[in-house]
Structures are given as structure tokens and as C-alpha cells.
Amino acid sequence: MNTKAGRPAAVAQQNNTRQHLLVQARLLFSELGYERVTTRMIAQAAGVNAGMIRYYFVDKAGLFEAMLRETIAPLLQLAQQQARLAELRDPAAIVAAYYAVMAPHPLLPTLIFRALHNVDSAEYQIVSRVFAGFVQQMLSSLAQVLSAPDQLQQGLLPFNALLTCFSLAIFPFVIPPFMKQALGLQLTPEFLQQLAAHQQHVLRHGLLQTAPNGDSHA
64 MNTKAGRPAA
74 VAQQNNTRQH
84 LLVQARLLFS
94 ELGYERVTTR
104 MIAQAAGVNA
114 GMIRYYFVDK
124 AGLFEAMLRE
134 TIAPLLQLAQ
144 QQARLAELRD
154 PAAIVAAYYA
164 VMAPHPLLPT
174 LIFRALHNVD
184 SAEYQIVSRV
194 FAGFVQQMLS
204 SLAQVLSAPD
214 QLQQGLLPFN
224 ALLTCFSLAI
234 FPFVIPPFMK
244 QALGLQLTPE
254 FLQQLAAHQQ
264 HVLRHGLLQT
274 APNGDSHA
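Note that our numbering has the sequence shown beginning at 64, numbered continuously upward.
Structural data, given as C-alpha cells:
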């Protein structure tokens, strides 16, 4: 009886240990990059034995991949709802969702950006594998929305509009440090929430022929 009663507590402890490792891994990978981080550093930050990383994730690469997948899971769910996105006819909602997911982890997109520009690195293989399906689904969803009849304002091309959406979504997170300093920019959750609302307004009134609520911009 005592054994049965103890199982939920043991499972909860295991889940907490795994989650704590993921949190510390995200912080360290985002701040230092993949190559400079060791499993020992992550374990020390999480306050557990390094063997726990081998138990849950096998190695550093496995932990890195798990961290990426769990962080972007909400975006993957959004990308899989292609029918719903097409029905909304609102690319600004996709950009806002990206901000909402990345706001608590503003350094993570820089890590991903660096990895994807270093094709010979170990992290490139992991990041490209994790993001391949997401990028394909998101591109398909946005292209479908932006190519719909009477969607864009006259004279605008769907491909250019697609690049605009990606630029507004990604650039604030990968802006070079010296530009952040020059601008006095701090990517706090509060600021990113405000910026997301601004970017939505820009997209809805600068690209779309008709706002999602039916108000014409023409």
C-alpha cells in the first residue's frame, strides 16, 4: 500500500527532474551556444547528477533536440491546423503566435539562427531535423492564406508578403547585440507582447485588403 501511494510522488519527482533539466538546458544553450555547453554544466545548474541526462535524453544532442521540440510544440500545433488558419485568413495571427511562444525565451531564436548557418556543426543536423516539418507546414499555411483571392491589397505579391511575415516574426529576436544596445532594446515579455500587437496592426492594415473582422482597408 505504501509502495502504491509512493508511485505518484516518484513519477512527479521524475517529471520535475526532467523538466528542470530542459529549463536549464534551454537557458545555457541559448546564452552560450551548443558547443560551449557540457552535460556537466547543465546537470550542475539543474542540481542533479549528470547521469540523469543519460537516463532521460541519452546525451547532450538528445537533450538539445528534446529542448527544441518541447519549446516549439505550440508552434507545431498551430502549423498543423492548416484548415483553421486558412479559414481565419489572418497571417497576423500566425506571427502573434510565434511571438507568444518565443517571448519567454528571447535568446533561443538566435541559437537556432546560428545553428542553421553552420552546416558542418552537430547542432545544424538537430535543428534542421526538428524544424524541417514545422517550416514546411508554416510556409504552406501562410502561402495558402496569402494567395487567397482578394486577400492582399492591390499590387502586392504573395511571395513578397510571405517574406514580410517572416521578417516581422523573426528579426526582433535575431537583431545583432550592437543594434540592441544602440536602440536600448530589451526583449522583455511585456515589450514583445506590445510589439506583437503592433506587428499584427502593420500586417492587417499594410498587407490585407480586408481585415479579419471584415473592415476594408481599400
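Where a beta carbon is used, it is the ideal one built from N, C-alpha and C, also for glycine.
Remember, it's a predicted structure, so these values are computed and weren't measured experimentally.
For the 8 Å Cβ check, are there 3 or more pairs between the region 93-110 and the region 154-172?
Per the Cβ contact rule, the region 93-110 is in contact with the region 154-172 (3 or more Cβ pairs under 8 Å).
Extent of the continuous alpha helix (DSSP H) to which Thr-101 belongs:
For Thr-101, no alpha helix (DSSP H) segment is defined, and its DSSP state is neither H nor E.
Length of the line joining the Cα atoms of Phe-222 and Leu-266
Straight-line Cα distance between these residues: approximately 14 Å.
Nearest-angstrom Cα separation, counted from Gln-257 out to Thr-251
Straight-line Cα distance between these residues: approximately 10 Å.
Is any heavy atom of the ligand NAP found at a distance shorter than 7 Å from the C-beta of Ala-155?
Judged by which ligands are present, the structure shown has none, so any question about the ligand NAP falls away.
State the CB to CB distance for the pair Leu-225 and Leu-209, rounded to an integer number of angstroms; the pair is presumed to be in contact (CB under 8 Å).
Rounded, the Cβ-Cβ distance is 6 Å, consistent with contact.
Assumed close pair Tyr-187, Leu-174 - CB separation to whole angstroms, cut-off 8 Å
Wrong, their Cβ atoms sit about 12 Å apart, outside the cutoff.
By the three-class DSSP mapping on this structure, what secondary structure does Leu-282 have?
The first residue shown for the chain is 64 and the last is 281, placing residue 282 beyond what the model contains.
Can you pull the DSSP bridge partners for Leu-271?
Leu-215.
For the candidate residues His-264, Gln-87, Ala-163 and Arg-177, whose alpha-carbon lies nearest to that of Ala-136?
When His-264, Gln-87, Ala-163 and Arg-177 are compared, the shortest CA-CA separation from Ala-136 is found for Ala-163.
Keeping to the same chain, check which residues put their C-beta closer than 8 Å to that of Leu-126; ignore five residues upstream and five downstream.
Answer for Leu-126: Leu-84, Leu-85, Ala-88, Thr-102, Ile-105, Ile-116, Tyr-119 and Phe-120, listed in chain order.
Rounded to the nearest angstrom, what separates Ala-146 and Gln-200 at their Cα positions?
Any reading at Ala-146 needs caution, since the residue's pLDDT is 47, under 50, leaving its predicted position unreliable; the model's value is listed next. In this structure, the straight-line span from the alpha carbon of Ala-146 to that of Gln-200 is close to 11 Å.
Let me know the secondary structure DSSP gives Val-237 once reduced to three states.
Of the three classes helix, strand and coil, the one that applies to Val-237 here is helix, per DSSP.
Taking Cβ positions, are Gln-262 and Leu-219 nearer each other than 8 Å?
For Gln-262 and Leu-219, no; Cβs fall outside 8 Å.
Cα-Cα separation between Asn-79 and Leu-246, rounded to whole angstroms:
Those two C-alpha atoms are separated by around 39 Å.
Compare the beta carbon distance of Phe-234 and Leu-139 with 8 Å and say whether it is the shorter of the two.
Not a contact, by the Cβ cut-off of 8 Å.
Going straight from the alpha carbon of Arg-177 to that of Ala-206, what length do you get?
Counting only the Cα atoms, Ala-206 lies some 26 Å from Arg-177.
Enumerate in chain order the residues of its own chain whose CB-to-CB distance from Val-190 is below 8 Å, with the five nearest sequence positions on each side excluded.
Cβ-Cβ distances below 8 Å link Val-190 to Leu-131, Ile-175, Ala-178 and Leu-179 in the same chain, with the five nearest sequence neighbours on each side left out; the list follows chain order.
Please tell me whether Leu-90 and Ala-166 are closer than 8 Å, where the distance is taken between their beta carbons.
Not in contact: Leu-90 and Ala-166 (Cβ atoms no closer than 8 Å).
Decide if Gln-236 is buried, meaning its Cβ has at least 16 other Cβ atoms within 10 Å, or exposed.
It should be pointed out that residue 236 corresponds to Phe in this sequence rather than to Gln. Buried is the call here.
Please name the residue in Gln-107, Asp-183, Ile-238 and Ala-211 whose C-alpha comes closest to that of Gln-272.
Closest option to Gln-272, judged by alpha-carbon separation, among Gln-107, Asp-183, Ile-238 and Ala-211: Ala-211.
Considering only residues of the same chain and omitting the five flanking positions on each side of Ala-124, which have a CB-CB separation below 7 Å?
Once the five neighbours on either side are set aside, the close Cβ partners of Ala-124 are Ala-185 and Ile-189.
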